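S.K.: Residue numbers (numbering that gives the first Met the number 0), protein chains in the order written: chain R, 0 to 333; chain V, 0 to 264; chain E, 0 to 290. Note that beta-carbon positions come from the ideal geometry of N, C-alpha and C, so glycine has one too. Bear in mind that the values here come from a model prediction, so they are computed numbers and not experimental data.
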Amino acid sequence: MESSVPCAATVSDGIAAAGLPAMRPRRRLRGLTLLALVLALLPLGFVNDYVADVAVLIALNAIVCVGLNLLIGYAGQISLGHAGFFGLGAYGSALLATHAGVPPLAALLAATALVGVLAALVGGPILRLKGHYLAMATLGLGIIVSIVITTEDRLTGGPDGMAVPPLTIAGFVVQGERAWYWILAGCLLAAVWLAQNLIASPTGRALRALHTSEVAAELAGVDSARHKLIVFVISALFAAFAGGLAAFHAGFVTPAKASFLHSIELVTMVVFGGMASTFGAVVGAAVLTLLPQLLTALKDYEMVVFGALLMATMIFFPRGIVPTLSALWQRWRR
Amino acid sequence: MTTLVVRELGCSFGGVHAVAGLSFEIAPGTVHSIIGPNGAGKTTLLNLLTGVYVPTSGSIRFGAHELTGQPPHRYAAAGIARTFQNLQIFFNMSALENVMTGRHRLERTGLLAAMLHTPRLARAEAECRERALEWLRFLELGDAAERDADTLPYGALKRLEIARALAGEPQLLLLDEPAAGLNPSEALGIAALIRRVAATGTTVVLVEHNMRLVMEVSDHILVLDHGKRLAEGSAEQIRSDARVIEAYLGAASEAHAAGEASADA
Amino acid sequence: MGSQALQFLAAGLTSGSIYALVALGFSIVFLASRVINFAQGEFVMIGGMAASSLVSVGMPLAAAMAIAVAIAAAVGLVLEKLAIERASRADVTTLVIITIGASMLLRGIAQIVWGKGIRSLPPISGEQPIAIGGATILPQSLWVLGTTIAIVAALSWFFGRTRLGRAMLATAHNRLAAQLVGIDVKLVLFASFGLAAALGAVAGMLIAPIGFTSYDTGVMLGLKGFAAAILGGIGNFHGAIFGGLLLGLLESLGAGFVSSAYKDAIAFVVLLGVLFVRPDGILGALRSDRV
Numbered sequence: 000m001e002s003s004v005p006c007a008a009t010v011s012d013g014i015a016a017a018g019l020p021a022m023r024p025r026r027r028l029r030g031l032t033l034l035a036l037v038l039a040l041l042p043l044g045f046v047n048d049y050v051a052d053v054a055v056l057i058a059l060n061a062i063v064c065v066g067l068n069l070l071i072g073y074a075g076q077i078s079l080g081h082a083g084f085f086g087l088g089a090y091g092s093a094l095l096a097t098h099a100g101v102p103p104l105a106a107l108l109a110a111t112a113l114v115g116v117l118a119a120l121v122g123g124p125i126l127r128l129k130g131h132y133l134a135m136a137t138l139g140l141g142i143i144v145s146i147v148i149t150t151e152d153r154l155t156g157g158p159d160g161m162a163v164p165p166l167t168i169a170g171f172v173v174q175g176e177r178a179w180y181w182i183l184a185g186c187l188l189a190a191v192w193l194a195q196n197l198i199a200s201p202t203g204r205a206l207r208a209l210h211t212s213e214v215a216a217e218l219a220g221v222d223s224a225r226h227k228l229i230v231f232v233i234s235a236l237f238a239a240f241a242g243g244l245a246a247f248h249a250g251f252v253t254p255a256k257a258s259f260l261h262s263i264e265l266v267t268m269v270v271f272g273g274m275a276s277t278f279g280a281v282v283g284a285a286v287l288t289l290l291p292q293l294l295t296a297l298k299d300y301e302m303v304v305f306g307a308l309l310m311a312t313m314i315f316f317p318r319g320i321v322p323t324l325s326a327l328w329q330r331w332r333r
Numbered sequence: 000m001t002t003l004v005v006r007e008l009g010c011s012f013g014g015v016h017a018v019a020g021l022s023f024e025i026a027p028g029t030v031h032s033i034i035g036p037n038g039a040g041k042t043t044l045l046n047l048l049t050g051v052y053v054p055t056s057g058s059i060r061f062g063a064h065e066l067t068g069q070p071p072h073r074y075a076a077a078g079i080a081r082t083f084q085n086l087q088i089f090f091n092m093s094a095l096e097n098v099m100t101g102r103h104r105l106e107r108t109g110l111l112a113a114m115l116h117t118p119r120l121a122r123a124e125a126e127c128r129e130r131a132l133e134w135l136r137f138l139e140l141g142d143a144a145e146r147d148a149d150t151l152p153y154g155a156l157k158r159l160e161i162a163r164a165l166a167g168e169p170q171l172l173l174l175d176e177p178a179a180g181l182n183p184s185e186a187l188g189i190a191a192l193i194r195r196v197a198a199t200g201t202t203v204v205l206v207e208h209n210m211r212l213v214m215e216v217s218d219h220i221l222v223l224d225h226g227k228r229l230a231e232g233s234a235e236q237i238r239s240d241a242r243v244i245e246a247y248l249g250a251a252s253e254a255h256a257a258g259e260a261s262a263d264a
Numbered sequence: 000m001g002s003q004a005l006q007f008l009a010a011g012l013t014s015g016s017i018y019a020l021v022a023l024g025f026s027i028v029f030l031a032s033r034v035i036n037f038a039q040g041e042f043v044m045i046g047g048m049a050a051s052s053l054v055s056v057g058m059p060l061a062a063a064m065a066i067a068v069a070i071a072a073a074v075g076l077v078l079e080k081l082a083i084e085r086a087s088r089a090d091v092t093t094l095v096i097i098t099i100g101a102s103m104l105l106r107g108i109a110q111i112v113w114g115k116g117i118r119s120l121p122p123i124s125g126e127q128p129i130a131i132g133g134a135t136i137l138p139q140s141l142w143v144l145g146t147t148i149a150i151v152a153a154l155s156w157f158f159g160r161t162r163l164g165r166a167m168l169a170t171a172h173n174r175l176a177a178q179l180v181g182i183d184v185k186l187v188l189f190a191s192f193g194l195a196a197a198l199g200a201v202a203g204m205l206i207a208p209i210g211f212t213s214y215d216t217g218v219m220l221g222l223k224g225f226a227a228a229i230l231g232g233i234g235n236f237h238g239a240i241f242g243g244l245l246l247g248l249l250e251s252l253g254a255g256f257v258s259s260a261y262k263d264a265i266a267f268v269v270l271l272g273v274l275f276v277r278p279d280g281i282l283g284a285l286r287s288d289r290v
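(1) Does the CB of R/Thr323 have a neighbour CB from chain V at under 9 Å?
(2) Beta-carbon within less than 7 Å of R/Ala235's beta-carbon, same chain only, minus the 5 sequence neighbours each way: which residues are those?
(3) Return the CA-CA distance between R/Trp192 and V/Arg119, expressed in angstroms with no decimal places.
(4) Using the rule of at least 16 other Cβ atoms within 10 Å of the residue's Cβ for burial, across every protein chain shown, is V/Asp224 buried or exposed?
(5) Under 8 Å, with one C-beta from each stretch per pair, do the segment 94 to 106 of chain E and the segment 226 to 245 of chain V reach the 3-pair mark?
(6) Let's test the definition: count the other Cβ atoms within 10 Å of the Cβ of R/Gly160 and tell me whether it reaches 16, buried, or not, exposed.
(7) Note down the Cα distance separating R/Leu290 from R/Met268, rounded to an integer number of angstroms.
(8) So the candidates are R/Gly130, R/Ala89, R/Met274, R/Gly91; which of them puts its Cα closest to the Cα of R/Arg207?
(9) Run through DSSP, which three-state label would E/Gly238 get?
(10) Check R/Asp222 in the structure and name its three-state DSSP category.
(11) For a test of the three-state rule: what should DSSP assign to V/Lys227, helix, strand or coil?
(12) At a CB-CB cut-off below 7 Å, which residues of chain V make contact with R/Asn196?
(13) Report all residues from its chain with a CB closer than 6 Å to the CB of R/Ala15; omit the five preceding and five following residues, and keep chain order.
(14) Excluding the 5 residues preceding and the 5 following E/Pro278 in the sequence, name in chain order all residues of the same chain whose CB lies nearer than 8 Å to its CB.
(15) Can you list, in chain order, the residues of its chain with a C-beta nearer than 8 Å to that of V/Glu24? Leave out the 5 residues immediately preceding and following it.
(16) Strictly by DSSP, which residues pair up with V/Leu221?
(17) For the segment 163 to 176 of chain V against the segment 201 to 209 of chain V, do three or more pairs of beta-carbon atoms, one drawn from each stretch, fall closer than 8 Å, so that the two count as touching?
(18) Would V/Gly226 and V/Ala80 be called neighbours here (beta carbons separated by less than 9 Å)?
(19) Which of the three DSSP states is assigned to E/Thr277 in this structure?
(20) Could you tell me whether any Cβ in chain E is nearer than 9 Å to the Cβ of R/Thr267?
(21) Determine, for V/Cys127, whether the minimum Cβ-Cβ distance to residues of chain R falls below 9 Å.
(22) So is R/Asp299 in contact with chain E if we call contact Cβ pairs under 9 Å?
(23) DSSP beta-bridge partners for E/Arg118?
(24) Please list, in chain order, the chain V residues whose beta carbon lies closer than 7 Å to that of R/Val334.
(25) Can you give the beta carbon distance from R/Ile57 to R/Ala284, rounded, assuming they're within the 8 Å contact cut?
(26) Taking its Cβ as the centre, do 16 or more other Cβ atoms sit within 10 Å of R/Ala17, making it buried, or is it exposed?
(27) Using 8 Å for Cβ pairs, my map puts R/Arg177 next to R/Pro42. What's the rounded Cβ distance?
(28) Is the CB of R/Gly75 under 9 Å away from at least one CB in chain E?
(29) Using the Cβ count rule (16 or more neighbours within 10 Å means buried), how would you classify E/Val77?
(30) Answer yes or no: do R/Thr111 and R/Ile125 have a C-beta to C-beta separation smaller than 9 Å?
(31) Who are the near neighbours of R/Leu70 in its chain, counting only those whose CB is closer than 7 Å to its CB and skipping five residues on each side?
(32) Since E/Ala63 and E/Val54 should fall inside the 8 Å C-beta cutoff, what is the C-beta to C-beta distance between them, to a whole number of angstroms?
(33) Short of 8 Å Cβ to Cβ, which residues in the segment 261 to 279 of chain E face chain R?
(34) Relative to the C-alpha of E/Ser213, which residue among E/Gly221, E/Leu175, E/Ile150, E/Met44 is closest?
(35) List the residues of chain V whose Cβ lies closer than 7 Å to the Cβ of R/Ser200, in chain order.
(36) Got a sec? Which residues, its chain only, sit under 6 Å from V/Thr201 by beta carbon, not counting five neighbours each side?
In structure tokens:
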């Protein structure tokens, strides 16, 4: 009963419908195994602590980006204030561990949970907005967080930041870049695993459906408001957890962690690496964390490069690097 | 077996009354058509019956569910499903995933189970796949299951939407111009499909311009004009109703003639 | 107390005028393209910075200001041609991110060209404060208010009486209809960016003498200008002016009577409040189907 006029229906351009379908279970496992392999073998290249430190930074950004990608790439929402969640996770852990005497690991988990609650409260009203309005609201929120952190200097140390006690797990103090690397590698693997499971589940399908046609998704039974909130909170949790780890890792935390600039960097990583691609988010984080490190001689050019990269990606490869390359690869194989 | 009861339904945009004072019932297990000239308010009505528009007056009840003013997912939860005149296929998924999404209202596994990929979720997913595949085969799309939706031709996509809608096992299926863009033989196929669906006990409501299709499958026809009920009755009654004929200015008989003409072509 | 309130009022109207000009820039671009140009704040920065460096190499203030406006307008036009026009069919999120990228790019270039230091601009007519009713007002403030009034009048004339201005309004109301009557909507978009950039630059040059300017002053001014535009109603000219002045007053009075440490946060609290309660703003926004 094929139509006599074989016209394929039009696909809307831009970010909207262009996400990759969720990978089949076998491919997912393969991807995860590959990541695990890369992460396991990477330390062989750690010629010194500096390299290990960069790897840790990449992993931290990657965890945030995996979560943010669920929000931007799959659910099609936008957040220009995610550094706010990151910063709250960082400062929350620091404050609980310092001023409230909470054991560091418990502080990390508690701070993450608290940020999740905040995201749940704030997310409801915010996610009713769309497009520009949503972008601006998340931006406003992120900036308010940043301002509060900087202004409440008696608690937070103000613009100079505050010191953070070391992380202890089961009595052992986590010390040294390599130890931190293994912790972050494990956390990143877990984050990717959780994200991929979510995407392949009914919730994941609901999100992808929402992104393409909210009306049709609703009429399939998807409570769009609730789903948007769920993914917003999950992405906030990822960001806060990474923020807390970052604080313990550095032994120090400054308001820059919650800045508007940092929020934009995170969005750039997700967008550049690939919308609706978990591995894209990891790649994006890796490339855009490495870039400033490689450009230290050209430190002044960092903003120019980021800005230009962001624009070029969105104009020429709106789907991001990984999906674009993947599509090219598919076409080349046929 | 649930009855859809609509009372004094009204919907206005600014000063324009797209639909006003509409009252009717749709008995379960029947095939019901809503027809009317362009601008009669058919699409508006369909949007009202699925929660896409919020009525400015009146009420909508489906069985025990008071649905007036609820968001669309509540209509879906109550057992109402719909296809769209301009396709709302999820193009970022495969055909199978589209249909699996159609089953969303029947999903019971929670978020945590989803993220941890528990055995229970794996079993639920496997079952969802199976049922979705069945519906694809019912709509003769079995071979297209793994194909990305954006590679399918128009006719297949129309059937995919129906498969997606049926996958949720609705009690009421609303079809928005299912024959639009189809050639006469495909339209015949739709008629057969509608009868198969009705035979399973699902109530079918279609908004349609193709009079031949309407006359062939409908147990009951509601005619709208300017957002109000013009006439109601069986195919025979409507065909010979003077008011209906006048409202269409002979369009019904023209479409009938046109239908015959293109069948010969 | 009275003179203090008057002082805050004067300060609020001054900064409010700046926000109004920036808000007008946002609205003009929004009207032409339904795009929120995140880089609007950078035009403000370019105006102040360019004028400042021209003055520091000896150019008279008036000439420096004129050239700085031209530079900013040129940047706006280039941005539209190279970036916005290419992505004209993309969806909202894509465009938002492109303009954010543009904002970063411009800031990065400014950092390279002018360094990270702060610069100042001489005031138009001296620094001697004027006493009015118990409050002291800088002459520059009067210039800000006066120039804003003049610009608003000029824009009214432009949109009401010139072909291009009327074409821009027509495009804003109904793009398709405008195309059908022969309006070159691409040109309209192009001109809008140039105009918005010029407005931003003027704002930047007017405010720089009162505070200071540096490569990243555009961010906050841009965001606050956007908050003002939303407060008054995006796409609504009267809304932009009303929103700007109101925001300036709220900020000034809030900082004066409630908490000066959180002055910057006021604009964003207002922004969130408006977005949650009445996204169309106080005077009503132009209905947009993209959003």
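M.R.: The answer reads as follows:
(1) Taking Cβ atoms only, chain V never reaches closer than 9 Å to R/Thr323, which makes this a no.
(2) If the five residues before and after R/Ala235 are omitted, its C-beta is found closer than 7 Å to the C-beta atoms of Phe84, Val114, Gly115, Ala118, all from its own chain and listed in chain order.
(3) Cα to Cα, R/Trp192 sits roughly 17 Å from V/Arg119.
(4) It is buried - the Cβ of V/Asp224 has at least 16 other Cβ atoms within 10 Å.
(5) The segment 94 to 106 of chain E makes no contact with the segment 226 to 245 of chain V; the number of CB pairs closer than 8 Å stays below 3.
(6) By the neighbour-count rule (16 or more Cβ atoms within 10 Å), R/Gly160 is buried.
(7) For R/Leu290 and R/Met268, the distance between alpha carbons rounds to 11 Å.
(8) That would be R/Met274, whose Cα lies nearest to the Cα of R/Arg207.
(9) Correct three-state label for E/Gly238: helix.
(10) Judged by DSSP in its simplified three-state form, R/Asp222 adopts coil rather than helix or strand.
(11) V/Lys227 sits in a strand when the DSSP states are folded into three classes.
(12) Per Cβ cutoff of 7 Å: Ala113, Met114, Leu115, His116.
(13) A caution first: R/Ala15 carries a pLDDT of 36, below 50, which makes its placement in the model unreliable, though a value can still be read off. In the same chain as R/Ala15, and ignoring 5 residues on each side of it, no C-beta atom comes closer than 6 Å to its own.
(14) Cβ contact annotation for E/Pro278 (same chain, cutoff 8 Å, sequence separation greater than five): Ile229, Ala284, in chain order.
(15) Within the same chain, V/Glu24 has close Cβ partners Thr2, Leu3, Val4, Val5.
(16) Paired residue(s): V/Ile33, V/Glu231.
(17) With the rule of 3 Cβ pairs closer than 8 Å, the segment 163 to 176 of chain V counts as touching the segment 201 to 209 of chain V.
(18) The answer is no: Cβ separation not under 9 Å.
(19) Looking at the sequence itself, residue 277 of chain E is Arg, so the reference to Thr does not match. The three-state reading of DSSP puts E/Arg277 in coil, since its state is none of H, G, I, E or B.
(20) Taking 9 Å as the CB threshold, R/Thr267 lines the interface with chain E.
(21) Output row for V/Cys127: interface = yes.
(22) Yes, because at least one Cβ of chain E sits closer than 9 Å to the Cβ of R/Asp299.
(23) As a beta-bridge residue in DSSP terms, E/Arg118 pairs with E/Thr212.
(24) Residue coverage of chain R in this structure runs from 0 to 333, which leaves residue 334 of chain R outside it and unanswerable.
(25) About 6 Å; that satisfies the 8 Å criterion.
(26) Note that R/Ala17 has pLDDT 38, beneath the 50 cutoff, so the model's placement of it is unreliable and the number below is only indicative. The residue in question, R/Ala17, is buried, as its Cβ has 16 or more Cβ neighbours within 10 Å.
(27) At roughly 7 Å, the Cβ-Cβ gap stays under 8 Å, so R/Arg177 and R/Pro42 are in contact.
(28) Against chain E, the CB of R/Gly75 has a partner CB under 9 Å away; the residue lies at that interface.
(29) Result: exposed.
(30) The answer is no: Cβ separation not under 9 Å.
(31) Within the same chain, R/Leu70 has close Cβ partners Gln76, Ser78, Val230, Phe231, Ser234.
(32) The beta-carbon separation of E/Ala63 and E/Val54, rounded to 5 Å, stays under the 8 Å limit for a contact.
(33) Answer set for the segment 261 to 279 of chain E: Tyr261, Asp263, Ala264, Phe267, Val268, Leu270, Leu271, Leu274, Phe275, Pro278.
(34) Measuring from the Cα of E/Ser213, the nearest candidate turns out to be E/Met44.
(35) In chain order: Ala113, Leu120.
(36) Hits under 6 Å: Leu172.
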